[in-house]
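Participant:
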Amino acid sequence: MQIYLALCDSYRVEIAENTETVMYMLRKLRPEVLLLDFKAEQFTRNGKSSMDFVRKVKRKYEDLKVVLILDPRDCAREDELHGCGVDWVLYTPVKTRNLLANLDRMTTETALA
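Residues in the sequence shown are numbered from 106 upward in steps of one, following this note's numbering.
1) I'd like to check one pair, K170 with V138: are the Cβ atoms closer than 7 Å?
2) Excluding five sequence neighbours on each side, which residues of the same chain lie with their C-beta closer than 8 Å to the C-beta of E146?
3) Looking at the C-beta of Y196, does it have a partner C-beta in chain C at a distance below 7 Å?
4) Give the range of the alpha helix (DSSP H) segment to which V162 is assigned.
5) Starting from K133, trace the alpha helix (DSSP H) in both directions and tell me its first and last residue.
6) Can you tell me which of the three DSSP states L112 falls into?
So, in structure tokens, the structure goes:
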């Protein structure tokens with residue numbers, strides 16, 4: 106909720122409860138950035154991991170920036186995450202100021218490309 110409140114003043118924020126809704130929103134809304142909680146149980150179903158989901162998203166939407174929120178205890182997986190298409194890893198607890206600054210940078214880079 107803290108992230109949503111921090112972002113909603115500057116960005117259009119949509120919240121998806123499952124992978125099907127994420128894919129629907131990506132098709133309809135064409136966002137610049139997808140922010141995912143790596144530990145969210147709803148993103149690990151049917152034997153597929155969050156990384157499988159990120160690979161699928163990046164195959165369909167190559168220019169989409171994917172940001173994962175990750176527990177710092179999982180930092181050893183960061184290289185693996187970047188390898189599957191994650192553009193940026195954000196560690197909990199989330200620092201709002203850092204998040205906003207990096208999202209501003211990412212969306213500016215997209216606009217300039």
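Here a beta-carbon is modelled for each residue, glycine too, at the ideal position from N, C-alpha and C.
Note that the structure is predicted; figures quoted are calculated from it, not measured.
Facilitator: In short, the structure shows the following:
1) Contact: yes.
2) Since pLDDT at E146 reaches only 49, below the 50 mark, its modelled position is unreliable, and no value is offered.
3) Judged by its chain identifiers, the structure shown contains no chain C, having just a single protein chain.
4) Where V162 is concerned, the enclosing alpha helix (DSSP H) stretches over 155 to 165.
5) Counted as a single uninterrupted DSSP element, the alpha helix (DSSP H) harbouring K133 occupies residues 124 to 134.
6) Reduced to three states, the DSSP call for L112 is helix.
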